[in-house]
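Numbering follows numbering that gives the first Met the number 0, in which position 100 of the sequence shown is assigned residue number 99; successive positions increment by one, without gaps.
Note that beta-carbon positions come from the ideal geometry of N, C-alpha and C, so glycine has one too.
Source: prediction; values computed, not measured.
Read the structure below first, then the notes.
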Amino acid sequence: MTYTETGASTFVAQCLDGLQGTALEVGSLRNTSDAARLSDGWTTLTMAEWAKATDSAVITVDIRNREAQLARVLGADLMRRVTHRVGDAWAIVAGLDRLPVFAYLDGPNDADWHLLVAKRLHGTKRIAFDDANEHDLGPKAATAVPWLEANGYRRTIFDGRHICLEYNP
Ligand SMILES: C[S@@+](CC[C@H](N)C(=O)[O-])C[C@H]1O[C@@H](n2cnc3c(N)ncnc32)[C@H](O)[C@@H]1O
0 MTYTETGAST FVAQCLDGLQ GTALEVGSLR NTSDAARLSD GWTTLTMAEW
50 AKATDSAVIT VDIRNREAQL ARVLGADLMR RVTHRVGDAW AIVAGLDRLP
100 VFAYLDGPND ADWHLLVAKR LHGTKRIAFD DANEHDLGPK AATAVPWLEA
150 NGYRRTIFDG RHICLEYNP
């Protein structure tokens, strides 16, 4: 598999290693310009490549409509594996009829919002957060990670900027 090389994309590839099924991303690839190239994680592309390689699927959710950008970056081949949902991810996650095998939570800088999303995703094999490290869980994971750890999850992968927990009750 080849993945676009950013810290986030390498991390998400590690989180997906060995999994097959449906992965969920909260916060879709934003901008395809050269200027934004290094600030975006390009995790949607990483997840789409994983889905193609493993006969899996991706649901990516964003409150803004990024369909045109996603189509331009991913292309028709990878887009076939990706369902793009537009709206508040909390409402969309609450309406899922089954849990994903992996969730990458890279939405708003709102810890309580991410806690609500994480609670709804309880039982998902791996859940990962952006902007978190072992010492500072950051603006997204601050309350969700302690709650997950009290409810069957343990930290498995962290690279100083992201953290992944695995369900191992
Ligand atoms: C950092 S970007 C995602 C980057 C992407 N994961 C990547 O690596 O390229 C965060 C995204 O979260 C979206 N967002 C903010 N609040 C949201 C919400 N309540 N529900 C869904 N998406 C939201 C923003 O529109 C923004 O595109």
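Rounded C-alpha distance that separates residue i from residue j
i    : j    : result
M0   : N150 : In this prediction, M0 scores a pLDDT of 40, lower than 50, which makes its location untrustworthy; the coordinate-derived value is nonetheless stated afterwards. Cα to Cα, the separation comes out at about 33 Å.
H134 : R65  : 33 Å
Y2   : K51  : Caution applies to Y2, whose pLDDT of 44 falls short of 50 and renders its modelled position unreliable; the model cannot decide the point.
T9   : D158 : 10 Å
K118 : A90  : 13 Å
W49  : F128 : 18 Å
W146 : G86  : 25 Å
L104 : R29  : 15 Å
L193 : G74  : In the structure as shown, the chain begins at 0 and stops at 168. Residue 193 is therefore absent and cannot be evaluated.
T21  : Q68  : 22 Å
R97  : I58  : 12 Å
N167 : V144 : 14 Å
L164 : T45  : 19 Å
P99  : Q13  : 16 Å
G40  : S27  : 9 Å
P138 : I126 : 16 Å
H113 : D76  : 31 Å
V72  : R153 : 34 Å
Residue i - containing alpha helix (DSSP H), residue span
i    : result
I91  : 88-93
H113 : 110-119
L44  : 42-53
L147 : 143-148
Identified DSSP bridge partners for residue i
i    : result
V72  : DSSP output for V72 lists no bridge partner at all.
C163 : A127, I156
A56  : T21
H134 : BP columns for H134 are empty, so no partner.
D172 : Nothing can be reported for residue 172, as the shown portion of the chain is limited to 0 through 168.
C-beta atoms of residue i and residue j nearer than 9 Å
i    : j    : result
V83  : A131 : Position check: residue 83 holds His in this sequence, whereas Val was assumed. Contact: no.
A93  : V60  : no
V81  : A56  : yes
A7   : T53  : no
L23  : L120 : yes
A102 : A141 : no
G17  : I62  : no
Bounding residues of the beta strand (DSSP E) (the contiguous stretch that carries residue i)
i    : result
L104 : 101-104
T9   : Here T9 belongs to no beta strand (DSSP E); instead the alpha helix (DSSP H) covers 6-15.
T82  : 81-85
Residue-level contact to chain C via CB, residue i, 9 Å cutoff
i    : result
K124 : Within the model displayed, chain C is absent; a lone protein chain is all it includes.
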